[in-house]
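Residue numbers (this note's numbering): 28 to 299. Glycine included, each C-beta is placed from N, C-alpha and C at the ideal position. In what follows, a structure is listed as structure tokens, so that the remarks can point back to it.
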Amino acid sequence: MKTYAISLARSKERARYIKLHLTERQLNYTIINAIDGETLTTKDIEDCCDIEEVNKHPVWLSNGAIGCALSHLNAYREFLKTDEAAAFIVEDDVVLPSNINTILEEISMQLQESEVILLYCTSFRKAALSTIGRKEIQSGFLYYPIDMRQTITATAYVISRCAALNMCNHILPIKVTADSWHYYYDKKKCFDSLRVLYPLIIQTKNFKSSIDYLPKHTFKFILSDIVNRYKVPLLYSLAKYLRKRRLDNMLGNFVLTEEASHIQKKNAGKEN
């Protein structure tokens with residue numbers, strides 16, 4: 028299984044990091060040059076987006092988020108040029124375990140024909156993973172989420188060929204972010220299944236996000252940009268600490284439940 032790493036060229040520290048990291052992990056990888064949201068013009072946005080949705084959610088569907096969605100689309104297109112059955116998509120802040128190649132081999136053996144498996148996941152609030160229908164593998168368990176709206180991020184995931192093809196056919200015009208898995212499952216039927224590998228075996232570097240959700244020219248954006256760009260002493264350390272604390276809280280929001288997932292129920296019904 029080949030790895031497709033989405034990396035923004037202007038984020039030089041992240042770009043250097045991900046190339047070195049993937050090489051150290053001995054992965055067969057291709058760098059996907061991320062679409063830089065800062066360079067998108069008004070016409071670019073109009074051409075690739077549902078403008079009504081962008082205007083409705085200007086902070087959520089920021090230029091950075093739109094660029095991110097386009098970047099994942101380009102990763103799928105690059106993957107579909109091959110004849111492989113699955114792809115491993117990562118963003119450039121991912122920290123992979125030393126046995127990632129073994130894990131990917133396990134995942135490829137369990138991956139369904141039309142499926143996405145998240146190897147990294149966060150949630151803003153408590154998110155339940157169902158023990159019903161879970162599959163044990165050497166590196167953990169594959170769980171069906173109860174509410175896919177709570178399983179977010181597109182930092183590291185495996186996607187089947189069928190699912191990637193359907194995503195390519197339905198991402199444009201952009202109405203949602205790249206990690207709106209519930210939308211692509213419920214509304215667009217892009218894949219038949221989504222599972223989460225848990226406990227989480229992947230981490231992320233404490234980089235500032237390259238997707239800016241703060242409106243530009245606001246005091247918060249300008250201050251954040253100065254602090255992170257020039258690594259202002261004390262303030263930079265504080266910003267890193269606050270980012271880590273927020274992320275740790277989101278990573279700790281998962282609980283197990285004996286309630287059945289609607290995804291598992293639907294798939295079980297097909298088998299019967």
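With distances taken between CB atoms, is the gap from Tyr147 to Ile229 smaller than 8 Å? As a position in the sequence shown, residue 147 is number 120, starting the count at 1. As a position in the sequence shown, residue 229 is number 202, starting the count at 1. In contact: Tyr147 and Ile229 (Cβ atoms closer than 8 Å).
Got a sec? Which residues, its chain only, sit under 6 Å from Ile127 by beta carbon, not counting five neighbours each side? The residue labelled residue 127 in the question sits at position 100 within the sequence shown. Hits under 6 Å: Arg52.
Ala112: first and last residue of the uninterrupted beta strand (DSSP E) it sits in: By 1-based counting over the sequence shown, the position of residue 112 is 85. Looking at the DSSP string, Ala112 is not in any beta strand (DSSP E), and its letter there is neither H nor E.
Compute the Euclidean distance between the alpha carbons of Glu140 and Cys189, then round it to the nearest angstrom. Taking the sequence shown and counting its residues from 1, the one referred to as residue 140 is at position 113. Taking the sequence shown and counting its residues from 1, the one referred to as residue 189 is at position 162. Each residue's alpha carbon lies about 7 Å from the other.
Span separating the alpha-carbon of Val81 from that of Gln165: Your numbering for residue 81 matches position 54 in the sequence shown. Your numbering for residue 165 matches position 138 in the sequence shown. If I take the Cα positions, the gap works out to 42 Å.
Is the stretch 278-289 touching the stretch 154-168 in the sense that three or more CB pairs, one from each, lie closer than 8 Å? yes
Where Ala287 falls: helix, strand or coil (DSSP): Reading the sequence shown from its first residue, position 260 is the one you call residue 287. Ala287: coil per DSSP, three-state reduction.
Extent of the continuous beta strand (DSSP E) run through Asn60: Mapped onto the sequence shown, residue 60 falls at position 33. Its beta strand (DSSP E) spans residues 56-60.
Between which two residues does the alpha helix (DSSP H) holding Ala300 run? In this structure the chain extends from 28 to 299, so residue 300 is not present and cannot be described.
Spell out a yes or no on whether the stretch 289-297 and the stretch 204-222 are touching, meaning 3 or more CB-CB pairs, one atom from each, closer than 8 Å. yes
Sequence-distant residues of its chain with Cβ nearer than 7 Å to Gln368 (five each side left out): Look at the range of the chain in this structure, 28 to 299, and you will see that residue 368 is not part of it.
Cut-off 6 Å between Cβ atoms - residues of its own chain near Arg43, not counting five sequence neighbours on either side: If you number the sequence shown from 1, residue 43 lands on position 16. Around Arg43: no qualifying Cβ.
On a CA-only basis, which of Lys70, Leu35, Ile130 is nearest Ala61? Give me that one, please. Taking the first residue of the sequence shown as 1, we reach residue 61 at position 34. Considering only alpha carbons, the answer is Leu35.
Where do the ends of the alpha helix (DSSP H) carrying Leu131 lie? To locate residue 131, count along the sequence shown from 1; it is residue 104. Looking at the DSSP string, the run of the alpha helix (DSSP H) that includes Leu131 is 127-137.
Could you compute how far the alpha carbon of Asp120 sits from the alpha carbon of Leu227? Here the question's residue 120 lines up with position 93 in the sequence shown. Here the question's residue 227 lines up with position 200 in the sequence shown. Between Asp120 and Leu227, the C-alpha separation is close to 16 Å.
Continuous beta strand (DSSP E) stretch holding Leu49: start and end: Against the sequence shown, residue 49 aligns to sequence position 22. No beta strand (DSSP E) holds Leu49; the alpha helix (DSSP H) holding it covers 39-51.
Can you tell me where the alpha helix (DSSP H) holding Thr69 begins and where it ends? In the sequence shown, counting from the first residue as 1, residue 69 sits at position 42. Where Thr69 is concerned, the enclosing alpha helix (DSSP H) stretches over 69-75.
Three CB pairs or more closer than 8 Å across the stretch 65-77 and the stretch 178-194: no
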